[in-house]
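All remarks here apply to the structure that follows.
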Amino acid sequence: MNIRHNVSLAPYNTFGIAATAAHFISVKSVAELQEALALEEYPQKFILGGGSNMLIKNDLDCLVIHIAIKGIETLEEMEESIKLRVMAGENWHELVLYCMAHDYGGLENLSLIPGNTGTAPVQNIGAYGVELKDTFVQCEAVHRETQELRTFSLEDCQFGYRESVFKNELKDQYVIVSVDFKLSRKQHQLHTEYGAIQQTLEERGIAQPRIQDISEAVIAIRQSKLPDPKKIGNSGSFFKNPLISAEAFKQLRAHYPDAPYYPIGSDTIKVPAGWLIEKAGFKGKRFGDAGVHDKQALVLVNHGKATGDDLWQLAMKIQKKVEEQFGITIQPEVNIVE
Ligand code: EPU
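Residue numbers (my numbering): -16 to 321.
Shown next as C-alpha cells:
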C-alpha cells in the first residue's frame, strides 16, 4: 500500500485549510479500502471524501484514507428510466453533467454542488427544491471495523433535511463506496417552483425548459451567490437553517416583519440562517483571513491563510450574536474535524 507521510491536506478540503495528515493513502478500489481499514499499525483512521463539507481544526495525527474509487455503470435500462451505479470518488457535479449529456433527469437542480458522490448521502445534499433522496435507490458501504460490505436501502438511510443515519446512529461506522440512482429518460419531472429558477428561465426567455436549461439556470444562480472554492476557500452553507416553533416565529415577526421563512409541517417554521446572520451584521465582514461571504451570509470563507481554528472562532462568534439577538441557536452544517 502506498502510504505517504506528513501530507498537506490543503488540496483535499475546499476551505483550503493547510492542515497536515501524519499518514495518507488514496484508495482506488473497494478492496484497497478494505485493506487500508484493516491496517492495525494505524489504529486511528479518518475518511476523506470530496472535502467539501468539513472544517479541519487541527493537524490529523492518524491515517487519512482518501476515497478515490471511480466509475459510473448502468445497472438497468428501462423504457422510461435508468438505474446508475456511481462509485464514491466520482465528483458530484461531473456526475450531474454526465446525466445532462445523456438526458437523464433528476439531478439537474443539484448542479454545481461541490464534493463527491459518496458523501452526498451522508447529509442528503439538497438545493432548489430537490434532495438526493428523491432519486436515491440504495448505497453500498463498508463497515470500518469488520470491512463487511452492506447495502442500505432508502429506508435504512433515514434521510431528513441535511440528515441521514450516517450522521446519527451510524456516525463514523461505515464508508459509502457506491450510490445507485433511478433517473428518468422520458417525461422528466421538472422542479422549477423555486423563485430564482423561475426568474432565471424567464430572463432567458425559456418557456418550456429542458433539464439542461434547469441545470444551467441553477449553475448561474449558484455562481452569482456562492463563492467558487477554486478561487476562495469555503464549504458552502456553514450553518443549517434552524427550525423554530410557530409561536417563536410569531415573536420574531413582531420585531422583524420582513423575516423570510418556509413553513415545515403545522407547528414548525424554517428560518434562513443567512438572513439571521446578515441581520446580526456579519455579511461581508472579515476577521483576519476568516470571513463571511458578501453575497450569502450563510457561507464562511477563507481569504487565504485562515486556520481551521480562525474559522471556528468566527463561527462561534456568529452563533453567539445570533442567539443574543434572536434567541435562536444556529448549528453548523459542516463536519468539524478535531
Ligand atoms: N438571505 C438573506 N441574506 C443572506 C442570505 C440569504 O437575507 O445573506 C435570505 C434570502 O434573501 C432568502 C433566504 O434567506 O430569502 C434564503 O436564501 P437562499 O435562497 O440563498 O437559500 P438558503 O436557505 O440560504 C439553502 C441551502 C443551500 C441551497 C439553497 C437553495 C441550507 C443550509 N442551505 O440556502 O445549500 O443551495 O437553499 O436551495 O439549507 C449548501 O448546503 O452548501 C448550500 C449552498
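C-beta: ideal position from N, C-alpha, C; glycine also. On a predicted model such as this, the values are computed, not experimentally measured, just so you know.
Roughly how many angstroms lie between the CA atoms of D117 and N(-15), to the nearest whole one?
Straight-line Cα distance between these residues: approximately 38 Å.
At least 3 beta-carbon pairs within less than 8 Å: the region 263 to 273 vs the region 12 to 25
Contact between the region 263 to 273 and the region 12 to 25 is absent, because fewer than three Cβ pairs lie under 8 Å.
Residue interval of the beta strand (DSSP E) (run including D163)
Per DSSP, the unbroken beta strand (DSSP E) holding D163 starts and ends at Y157 to S167.
Spatially closest choice to L184 from I96, I204 and K66, by CA coordinates
It is I204.
Since A263 contacts K304 with CB under 8 Å, what's their CB separation in whole angstroms?
The beta-carbon distance between A263 and K304, rounded to whole angstroms, is 5 Å. This is short enough to meet the 8 Å contact definition.
Please name the residue, chosen from P246, Y239 and R187, that lies closest to W258 on a Cα-to-Cα basis.
Nearest C-alpha to W258: Y239.
Would you kindly work out how many angstroms separate the C-alpha atoms of Q181 and H174, rounded to a whole number?
If you take the alpha carbons of Q181 and H174, they lie about 10 Å apart.
In chain order, what residues of the same chain have a beta carbon less than 7 Å from the beta carbon of I227, not counting five sequence neighbours either side?
Same-chain partners within the cutoff: I252, V254 and I311.
If you draw a straight line from the alpha carbon of Q130 to that of A5, how long is it in whole angstroms?
Roughly 23 Å separates the two Cα atoms.
Assumed close pair G101, I159 - CB separation to whole angstroms, cut-off 8 Å:
Approximately 5 Å separates the beta-carbon atoms of G101 and I159; this is inside 8 Å, confirming the contact.
If we ignore side chains and look at the alpha-carbon of each, how far apart do D196 and I215 end up?
Distance between the alpha carbons of D196 and I215: 27 Å.
Would you kindly report the start and end of the unbroken beta strand (DSSP E) that includes L132?
Where L132 is concerned, the enclosing beta strand (DSSP E) starts and stops at L132 to S136.
Please classify T134: is it buried, with 16 or more other beta-carbons within 10 angstroms of its beta-carbon, or exposed?
When all chains shown are included, T134 counts as exposed.
Please name the residue in N41, E62, L93 and A71 whose C-alpha comes closest to that of L294.
The candidate whose alpha carbon is nearest that of L294 is N41.
Just checking, does the region 147 to 162 make contact with the region 62 to 73 on the three C-beta pairs under 8 Å criterion?
Touching, per the Cβ criterion.
Does ligand 1 have a heavy atom nearer than 7 Å to the CB of Y239?
Flag unset: Cβ of Y239 not near ligand 1.
Out of K154, D277 and S220, which has the shortest C-alpha to C-alpha gap to E316?
The alpha carbon of E316 has as its nearest neighbour, out of K154, D277 and S220, the alpha carbon of S220.
For N318, the residue or residues it bridges with in DSSP:
Beta-bridge pairing by DSSP links N318 to M37.
Since A124 sits in a beta bridge, which residues does DSSP pair it with?
For A124, which the question treats as bridged, DSSP gives the partners R133 and I159.
What are the start and end residues of the beta strand (DSSP E) that includes G310?
Element bounds for G310: n/a, residue is neither H nor E.
When burial is assigned at 16 or more other CB atoms within 10 Å of the CB, is G33 buried or exposed?
Residue environment for G33: buried (at least 16 other C-beta atoms within 10 angstroms of its C-beta).
Find out if the Cβ-Cβ distance for the pair I48, L16 is shorter than 8 Å.
Yes, these two residues count as a Cβ contact at 8 Å.
Let me check understanding here. Comparing Cα to Cα, which of S(-9), N(-11), A2 and H(-12) lies closest to A289?
Minimum Cα-Cα distance from A289 among the listed residues S(-9), N(-11), A2 and H(-12) corresponds to A2.
Tell me whether N(-11) counts as near ligand 1, meaning its Cβ is closer than 7 Å to at least one heavy atom of that ligand.
False, no ligand heavy atom lies under 7 Å from that Cβ.
Counting C-beta neighbours from all protein chains within 10 Å, is the total for Y87 16 or more, i.e. buried, or is it exposed?
So Y87 ends up on the buried side.
May I ask you to list the residues that DSSP assigns as paired with K66?
Beta-bridge pairing links K66 to E59 and K165.
Y245, buried or exposed, once every other Cβ within 10 Å from all chains shown has been counted against 16:
Around the C-beta of Y245, fewer than 16 other C-beta atoms lie within 10 Å, and the residue is accordingly described as exposed.
Is it the case that the CB of K116 approaches a heavy atom of ligand 1 more closely than 7 Å?
No heavy atom of ligand 1 is found nearer than 7 Å to the CB of K116.
Can you check which of these residues, G98, A256 and I301, is closest to K268 by C-alpha distance?
Comparing Cα positions, the closest option is I301.
Pull the bridge partners of V284 from the DSSP assignment, please.
Paired residues: N217 and G274.
What are the boundary residues of the alpha helix (DSSP H) that includes V79?
Its alpha helix (DSSP H) spans residues W75 to H85.
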